[in-house]
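Participant: Structure in structure tokens, see below.
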């Protein structure tokens, strides 16, 4: 090795990441904070080894590039269209109004216009990684507040791109803010047009050619080439590399190669992004942060409370329920990882002073650290709201759901059906008349509501016209028949699967309009018969064929008169 110091620096960086990040994750603390702490321990402001920041800082820039590319991959035009109401409605209002409010406060405290604009923009963002991790861990991504939260986060990710593009323009002396925004918009539109043309006539044919070679290492090299080449082109055009990477990701999002590209990029993105956060940690002056602990706590508290209140009000104006608005407001109140990206760039371009950047970095890190606690508080408050005022009107909560499954009855069978639907990310709405059962499901953030599935008004509020299927699992035969009749009237072409106790009740459900009926007792008999046939030595194909024959004939082979042992 020509320079042993470089090797030692790399070893220390890897050691800090390997030891600290898993420890933080085991304690349910965001991994981003683990990287920041690891970087702080290797920085010049703490005792112990000091790592030279020059090489890590160069490599960490590519972490941001790959992060924006990965975000672009997750945003095909079809997804943007499906969630456009909350992405470009609530998300747009949140970013604009939060940025304006925070910028106004910063300006009132003595910052100039450029710095105030950057501060407002960076603190308007929430932590995508932290919030999504919480939602996934709790199984709340399919809940109403979970879907809306994700939509707001998507727009925040989109808004990062123009802000990164705007930073170099703000750093130029004498450039007016409106002119800088207009210039950034023109450049972005030109870049999008050029890259889309490049993708249609060059990139996609190249990927087809490379994929036909069936060489994994060449495919990975092509991915790296596309990301870095497009990022370089936008940088040469006077814009940020991150914008080019984001557009390249969107370019690949609607292609057949998207998932393989994402898998190939993930190791580079994770490693380089972790390195980026470690370099941010190296710049944190812990002694200075301790001296300003009061300011950091005050600004962090103001950020959490202010963003929560503003987002809560915007959610209510958007027609969301009280408990849902409360959870979204609190869950998205923290600062985000993109703030570290913007703070680093802004301080290097001298748009922000170093002391201001340190204060903001500390506040964002602290707000992210307390997010799990804030999320737990939000959950308890929402449960208390619903316990006092009753479950919110699900007509509002389900207004944007399409292609879902309506489950009538949330007992043992209904819960099993819902669990399988969640496993395959299929949305559903369940109705039940047991208040305790509904309250328990709502406490878990599940889309279960109090309502009679035999009433047309309730079915329409649950979006029966937009559903893909209905499942009737209620245990009372008379209620099941009325539910099937009501659903058939409300949605004549909808597929309805119904549970019946026996053949007689199954026939009544079929007459009422059910598309398919599963008699419980006879289906259990078939399962027992299949076990006996398997024990007798028959192969699985023969058994399945026999069972299918019985089911296709409507269980006629098993419909003998009931005996004393039935």
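Residue numbers (UniProt numbering): 1 to 566. The beta carbon of each residue, even a glycine, is placed where N, CA and C say it ideally should be.
For residue 10, which of helix, strand or coil comes out of DSSP?
Facilitator: Note: residue 10 maps to helix in three-state DSSP.
Participant: Out of 194, 102 and 263, state which residue places its alpha-carbon closest to the alpha-carbon of residue 231.
Facilitator: Selected option, being the one with the closest Cα: 194.
Participant: Thinking C-beta only, is residue 73 closer than 7 angstroms to residue 258?
Facilitator: Against a cut-off of 7 angstroms, the Cβ pair of residue 73 and residue 258 comes out as a contact.
Participant: For the alpha helix (DSSP H) containing residue 360, list its first residue and its last residue.
Facilitator: Counting along the chain, the alpha helix (DSSP H) containing residue 360 begins and ends at 354-369.
Participant: When DSSP labels each residue in this structure, what does residue 498 get in the three-state scheme?
Facilitator: Three-state result, residue 498: strand.
Participant: What are the start and end residues of the alpha helix (DSSP H) that includes residue 574?
Facilitator: As shown, the chain starts at 1 and ends at 566. That puts residue 574 outside it, with no answer to give.
Participant: Can you list, in chain order, the residues of its chain with a C-beta nearer than 6 angstroms to that of residue 309? Leave out the 5 residues immediately preceding and following it.
Facilitator: Excluding positions up to five away in sequence, the list is empty.
Participant: On the three-state DSSP scale, how would you describe residue 225?
Facilitator: Here residue 225 sits in helix by DSSP.
Participant: Less than 8 angstroms between C-beta atoms, sequence neighbours within five positions excluded: which residues of the same chain meet that for residue 540?
Facilitator: Excluding residues within five positions, the ones whose Cβ falls inside 8 angstroms are 534.
Participant: Taking contact to mean 3 or more Cβ pairs, one atom from each stretch, closer than 8 angstroms, check whether the region 296-306 and the region 80-97 are in contact.
Facilitator: Judged by Cβ distances under 8 angstroms, the region 296-306 makes no contact with the region 80-97, as fewer than three pairs qualify.
Participant: Name, in chain order, the residues that DSSP records as bridge partners for residue 405.
Facilitator: Residue 405 is bridged to 428 and 469.
Participant: Mind listing, in chain order, the continuous alpha helix (DSSP H) runs of no fewer than 4 residues lying wholly within the region 238-323?
Facilitator: Within the region 238-323, the complete alpha helix (DSSP H) runs of at least 4 residues are 241-253, 258-283, 286-291 and 293-317.
Participant: If you compare alpha carbons, which of 487, 446, 26 and 483 is closest to residue 465?
Facilitator: Ranking 487, 446, 26 and 483 by Cα distance to residue 465 puts 487 first.
Participant: DSSP on residue 351, reduced to helix/strand/coil?
Facilitator: If DSSP states are grouped into helix, strand and coil, residue 351 belongs with coil.
Participant: My assumption, with CB atoms under 8 angstroms, is that residue 421 sits in contact with residue 405. Please give the rounded CB distance.
Facilitator: Rounded, the Cβ-Cβ distance is 6 angstroms, consistent with contact.
Participant: Does DSSP put residue 50 in a helix, in a strand, or in coil?
Facilitator: Here residue 50 sits in coil by DSSP.
Participant: Quick check on residue 362: buried or exposed, where buried means 16 or more other Cβ atoms within 10 Å of its Cβ?
Facilitator: Flag for residue 362 reads buried.
Participant: In whole angstroms, what is the alpha-carbon distance linking residue 88 and residue 459?
Facilitator: Each residue's alpha carbon lies about 29 angstroms from the other.
Participant: With 16 other CB atoms within 10 Å as the buried threshold, where does residue 573 fall?
Facilitator: Missing from the structure shown is residue 573; the chain here goes from 1 to 566 and no further.
Participant: So, at 7 angstroms on beta carbons, what are the nonlocal neighbours of residue 549 in its own chain, with the 5 sequence-adjacent residues on each side left out?
Facilitator: Within the same chain, residue 549 has no close Cβ partners at all.
Participant: Between residue 351 and the rest of its own chain, which residues show a CB-CB distance below 7 angstroms, the 5 nearest in sequence each way excluded?
Facilitator: Only 114, 115, 118, 167, 170 and 171 meet the Cβ criterion.
Participant: Can you check which of these residues, 335, 51, 511 and 233, is closest to residue 278 by C-alpha distance?
Facilitator: Here the closest residue by C-alpha is 51.
Participant: Go ahead and label residue 402 buried or exposed: buried means 16 or more other beta carbons lie within 10 angstroms of its beta carbon, across all protein chains shown.
Facilitator: Residue 402 comes out exposed.
Participant: Who are the Cβ neighbours of residue 33 in its own chain at under 8 angstroms, not counting the five residues just before and after it?
Facilitator: Closer than 8 angstroms at the Cβ level, and outside the excluded window around residue 33, lie 24, 365, 368 and 369.
Participant: Cβ atoms of residue 325 and residue 312: under 7 angstroms apart, would you say?
Facilitator: Cβ distance < 7 angstroms, so residue 312 and residue 325 count as in contact.
Participant: Leaving out five residues on either side along the sequence, give the residues of the same chain with a beta carbon under 7 angstroms from the beta carbon of residue 543.
Facilitator: Excluding positions up to five away in sequence, the list reads 530, 533 and 534.
Participant: Between residue 130 and residue 4, is the Cβ-Cβ spacing less than 7 angstroms?
Facilitator: No, they are not a contact pair.
Participant: With a threshold of 6 angstroms on Cβ separation, who are the neighbours of residue 408 within its own chain once the five nearest residues in sequence on each side are excluded?
Facilitator: So the list reads 431, 453, 472, 474 and 483, once near-sequence residues are dropped.
Participant: Measuring straight from C-alpha to C-alpha, what distance separates residue 373 and residue 463?
Facilitator: If you take the alpha carbons of residue 373 and residue 463, they lie about 34 angstroms apart.
Participant: Between which two residues does the alpha helix (DSSP H) carrying residue 213 extend?
Facilitator: Segment: none, residue 213 is in no alpha helix (DSSP H) and carries neither H nor E.
Participant: Could you check which residue in 376, 307, 294 and 266 has the C-alpha nearest to that of residue 66?
Facilitator: Taking only the C-alpha atoms, the option nearest residue 66 is 266.
Participant: Compute the distance between the beta-carbons of residue 519 and residue 537, then report whether it is under 7 angstroms.
Facilitator: Cβ atoms of residue 519 and residue 537: not closer than 7 angstroms.
Participant: For residue 577 versus residue 514, is the C-beta distance shorter than 7 angstroms?
Facilitator: Because the chain in this structure spans residues 1 to 566, residue 577 falls outside the shown range and cannot be described.
Participant: Output yes or no for whether 7 angstroms exceeds the beta carbon distance between residue 20 and residue 38.
Facilitator: Cβ atoms of residue 20 and residue 38: closer than 7 angstroms.
Participant: Rounded to the nearest angstrom, how far is the Cβ of residue 211 from that of residue 219, given a contact under 8 angstroms?
Facilitator: Contact holds; Cβ gap of about 7 angstroms.
Participant: CA-CA distance, residue 246 and residue 340?
Facilitator: One C-alpha to the other measures close to 18 angstroms.
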